[in-house]
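*Asks:*
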Amino acid sequence: MQKGSGFTMWQLNTQCNEIGNSYVFLTREGQVVVMDGGCSKDEYYLRGFLAHMGNHVHTWFISHPHSDHMDSLISILKEPRGITINRIVHSPFTEDLINSEPDYAAHCRHFYHLLLQVNNIEIVELNSPGWTEDIGGLNFKILGVSNPEIIHNGYNNSSMIIKVWDKKKSILFLADAGEECGDKLLSSPFRQELDCDYVQMAHHGQRGCRQSFYQSIHFRACLWSTPQWVWDNNTGNGPGTGHLKTEETRQWMKEKGITEHHVSWKGLYQLD
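The opening position of the sequence shown corresponds to residue 21 in our numbering, with each subsequent residue numbered one higher.
(1) In its own chain, which residues sit with a C-beta less than 8 angstroms from the C-beta of Ala197, not counting the 5 before and 5 after it?
(2) Have a look at Asn305 and Ala195 and give me their C-alpha separation to the nearest angstrom.
(3) Looking at Ile143: is its Cβ nearer than 8 angstroms to the Cβ of Trp151?
(4) Report the three-state DSSP secondary structure of Lys161 (helix, strand or coil).
(5) Buried or exposed for Tyr65, going by 16 or more other Cβ atoms inside 10 Å?
(6) Helix or strand or just coil, what does DSSP make of Met55?
(7) Starting from the Cα of Asn253, find the closest Cα among Thr266, Ser245 and Leu243 and give me that residue.
(8) Could you tell me the distance, in whole angstroms, from the CA atom of Tyr43 to the CA atom of Gly57?
(9) Which residues does DSSP pair with Phe81 in a beta bridge?
(10) With a CB to CB cut of under 6 angstroms and the five nearest residues on each side skipped, what residues in its chain are close to His281?
(11) Name, in chain order, the residues that DSSP records as bridge partners for Tyr43.
(12) Which two residues bound the contiguous beta strand (DSSP E) that contains Phe193?
(13) Tell me where the beta strand (DSSP E) around Thr152 begins and ends.
(14) Could you check the C-alpha separation between Arg270 and Gly225 for me, to the nearest Å?
(15) With respect to the alpha helix (DSSP H) encompassing Ile118, which residues constitute its N-terminal and C-terminal limits?
(16) Measuring straight from C-alpha to C-alpha, what distance separates Gln137 and Gln290?
(17) Can you name, in chain order, every residue of its own chain whose Cβ lies under 7 angstroms from the Cβ of Trp15, other than the five neighbours on each side?
(18) Assuming contact is defined by CB atoms lying nearer than 8 angstroms, are Ser284 and Thr255 in contact in what I supplied?
(19) Ignoring anything shorter than 4 residues or poking outside the region 206-243, list the alpha helix (DSSP H) runs there in chain order.
(20) The alpha helix (DSSP H) that contains Lys98, what's its start and end?
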């Protein structure tokens with residue numbers, strides 16, 4: 021990959037028509053950064069993508085320990101097959117937060133245990149927001165970390181919130197932030213830093229932040245890490261017949277005047 025004057029970001033498209041969250045960055049100085057990486061079924065697609073970029077990751081962010089965000093990384097940590105990683109950044113959960121979703125608790129602990137076993141990878145654990153770093157001319161700032169006081173929808177509401185920017189463009193990554201997480205962000209000291217050019221829609225665009233959250237911040241385009249069945253609200257009986265809130269969120273964006281949408285099921289999206 022050739023170095024450019026600014027950063028490039030790819031929103032990876034799911035290869036298995038399942039929910040997943042996966043973004044890859046190439047900085048102007050040539051460093052590779054990964055955000056989440058997606059579910060286990062998309063592991064080989066991600067491996068191929070990273071191989072094309074040299075198989076070395078400078079920093080890997082994990083927003084929260086749900087399978088559709090971290091399982092590709094888990095597979096790579098178990099069997100690197102040539103992939104090297106300088107460091108992994110995440111916001112660890114308390115025991116109460118881990119236990120708030122019994123179906124995920126064992127898998128979350130497995131991930132944390134795996135992080136303790138890895139060699140030659142720096143593990144950065146963030147318990148408070150504000151961590152900022154310039155990686156090859158690309159700025160990363162953590163605006164939100166785990167919220168142990170929010171047990172309802174606990175894992176999603178403890179998504180790490182990340183602002184990424186250079187002199188030309190900015191992106192706000194909401195991961196799977198729920199309503200309570202969004203409300204907390206609006207009342208946080210980082211409120212003014214939520215404005216951006218691109219916003220990654222919370223929780224794949226359904227059952228995430230409230231409409232009031234999106235109304236309160238300024239942005240011009242949406243990134244949707246969303247398979248087609250979620251985009252169409254189709255859980256088995258046809259478009260528009262499911263229980264998902266994607267259509268409602270899409271209507272919010274229409275009312276806000278947002279017309280630029282980049283949806284992962286439509287293909288790989290590259291932002292230069």
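Every residue gets a Cβ at the ideal spot worked out from N, C-alpha and C, and that includes glycine.
None of the values given here were measured: they were computed from a predicted structure.
*Replies:* The relevant details are as follows:
(1) Correct list, in chain order: Gly164, Asn176, Asn177, Ser179, Ile181, Leu205, Ala222, His223, Gly228 and Cys229.
(2) No statement about residue 305 is possible, as the shown extent of the chain runs from 21 to 292 and does not include it.
(3) No, the Cβ-Cβ distance between Ile143 and Trp151 is not below 8 angstroms.
(4) Here Lys161 carries a strand assignment [DSSP, helix/strand/coil].
(5) It counts as buried.
(6) DSSP places Met55 in the strand class (E or B) of the three-state scheme.
(7) Nearest option by C-alpha distance: Thr266.
(8) Distance between the alpha carbons of Tyr43 and Gly57: 6 angstroms.
(9) DSSP output for Phe81 lists Met55 and Val109 as bridge partner(s).
(10) When the five nearest sequence neighbours on each side are left out, the beta carbons in the same chain lying within less than 6 angstroms of the beta carbon of His281 are those of Cys242, in order along the chain.
(11) Gln31 and Met55, per the DSSP bridge assignment.
(12) Where Phe193 is concerned, the enclosing beta strand (DSSP E) stretches over Ser190 to Phe193.
(13) Annotation: the continuous beta strand (DSSP E) that includes Thr152 extends over Thr152 to Ile155.
(14) Between the C-alpha atoms of Arg270 and Gly225 there is a straight-line separation of about 8 angstroms.
(15) First-last of the alpha helix (DSSP H) with Ile118: Glu115 to Asn119.
(16) Whole-angstrom Cα-Cα distance: 34 angstroms.
(17) The chain is shown from 21 up to 292; residue 15 falls before or after that span and cannot be answered.
(18) It is not a contact, given that the beta carbons lie outside the stated cut-off.
(19) Counting whole runs of 4 or more residues, the region 206-243 contains the alpha helix (DSSP H) stretches 231-236.
(20) Counting along the chain, the alpha helix (DSSP H) containing Lys98 begins and ends at Ser87 to Lys98.
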